[in-house]
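Please read the structure below before turning to the comments.
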Amino acid sequence: MRMATRLLVAVTFLGVGLAGATDVSADDVDEARARAEATIRALDEAQEELGAVEQRVAEVQHRLEVASADIEQLEAEVQAIAVDQYMRAGEPPSLVPVDEDLGDQLLGNELARIVTQGDTDAIDAYAAQRADLATAADELEALQAEQEDAVAQLESRNRELQAEVERLEALERERIEAERRRIEEERRRREAQEQAAAAAAAAATTPDDTTPTTGGGGGGGTPPPTGGGGDFLCPVPGSTFTDSWGAPRSGGRSHQGVDMMASAGTPIYAPVTGDVSHRGVSLGGLSFFLYGDNGNTYFGTHLSSYGASGRVVAGTVIGYVGATGNANGINHLHFEIWPGGGAPVNPYPTVAAAC
């Protein structure tokens, strides 16, 4: 009976330990995830702004190239006019050295003098192109400053995101460890209860009962359920992502995947069973192509390094999160789903349900 009493006391202490086992609550993790998702949205906005500025820079640079080419041709025409006026009037062609950087007043005086003598079309065109060239140069200078600001903003958002991702991952690890401790302590508590019950039953038997008892103990041979379900596994468990399908990207492109933010080197798992091949692509850098047995193709890019290739089962590590290619230094997996191997569709609903 004293043995049973000691076991019951041990169970009581285990119950007290369980009460404080989980230091990180689900609310803590949800709050950290919400902050990370908000930072991702800000990062997307910074990327869109940078893409828009880069597009305007390209347009102005094209205007400069066109204006410069036109000016070269018009300068030859204006020079010919000046020479012709010289031949007819016996005056030196003062506008011949048009490639020199004439001041606005001097250029205006020279053009006004020639205009009074005719041949105004080429001169008007020349003056207009010179003005457009100067305007485009000013616009380009302003846009380049704006581009530098956009790059700085993107880098700042990236640093904020990496900090939030690291904090979220630390909280998630702490939560998982706390859950593991809770499960282990619950198992020990059940075993202690079973041992106490067995000891109490043994103490209640008659003294002449010599039949040995086995105690019946339950043991913890069956692991706790892992949850999940469905045929699609989360490619990067614990990652943070938002629905950015169709968001503008540089070069006039639109986003055709989901960006799963995680620390560099985080494992990437095959979401389905199939065949994996690895290769680098021009924009994304290190990439994988998973040809699923279900007929769909799964594409992931910006990897830091490769994992298993060839025939794989769902859950196999096939790569690691990185920032290769045009990831702008942002560690993440860009993930796409191509149903039937065709055009990509928005993967967010599928990934959100699995992760």
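Each residue of the sequence shown is one higher than the one before, starting from 7 at the first, in the working numbering.
For glycine and all other residues, C-beta sits at the position ideal for the given N, C-alpha and C.
Closest Cα partner of residue i within the set the options
i	options	result
residue 136	296, 77 and 157	77
residue 345	303, 315 and 309	303
residue 279	68, 315, 34 and 254	315
residue 156	298, 143 and 63	63
residue 172	246, 205, 152 and 292	246
residue 263	186, 359, 339 and 133	339
residue 310	36, 41, 290 and 37	290
residue 318	284, 258, 45 and 182	284
residue 305	74, 287 and 322	287
residue 44	168, 153 and 56	168
residue 70	143, 205 and 299	143
residue 55	41, 39 and 153	153
residue 348	298, 194, 361 and 355	298
residue 74	133, 192 and 163	133
residue 321	343, 281, 166 and 47	281
residue 360	202, 266 and 206	266
Reduced DSSP secondary structure (H/G/I, E/B, other) of residue i
i	result
residue 336	coil
residue 68	helix
residue 109	Only weak support exists for where residue 109 lies, its pLDDT of 48 falling under 50; the value from the coordinates is given anyway. Looking at residue 109 - three-state DSSP - the assignment turns out to be coil, as it is neither helix nor strand.
residue 283	strand
residue 261	coil
residue 347	helix
residue 227	For residue 227, the predicted structure reports a pLDDT of 36, less than 50, and the residue's modelled location is therefore unreliable. A value from the coordinates is still provided. Correct three-state label for residue 227: coil.
residue 316	strand
residue 246	strand
residue 310	coil
residue 355	helix
residue 233	Only weak support is given to the placement of residue 233: the predicted model assigns it a pLDDT of 33, under 50, and the value that follows is read from those uncertain coordinates. Here residue 233 sits in coil by DSSP.
One or two residues paired with residue i in a DSSP bridge
i	result
residue 328	338
residue 238	Answer is none; residue 238 lacks a bridge partner.
residue 274	325
residue 303	297 and 344
residue 291	287
residue 254	260
Beta carbon of residue i nearer than 8 Å to that of residue j
i	j	result
residue 160	residue 52	yes
residue 238	residue 273	no
residue 175	residue 244	yes
residue 341	residue 357	yes
residue 268	residue 337	yes
residue 328	residue 296	no
residue 35	residue 255	no
residue 66	residue 145	yes
residue 324	residue 331	no
residue 250	residue 50	yes
residue 177	residue 42	no
residue 326	residue 252	no
residue 61	residue 258	yes
residue 48	residue 163	yes
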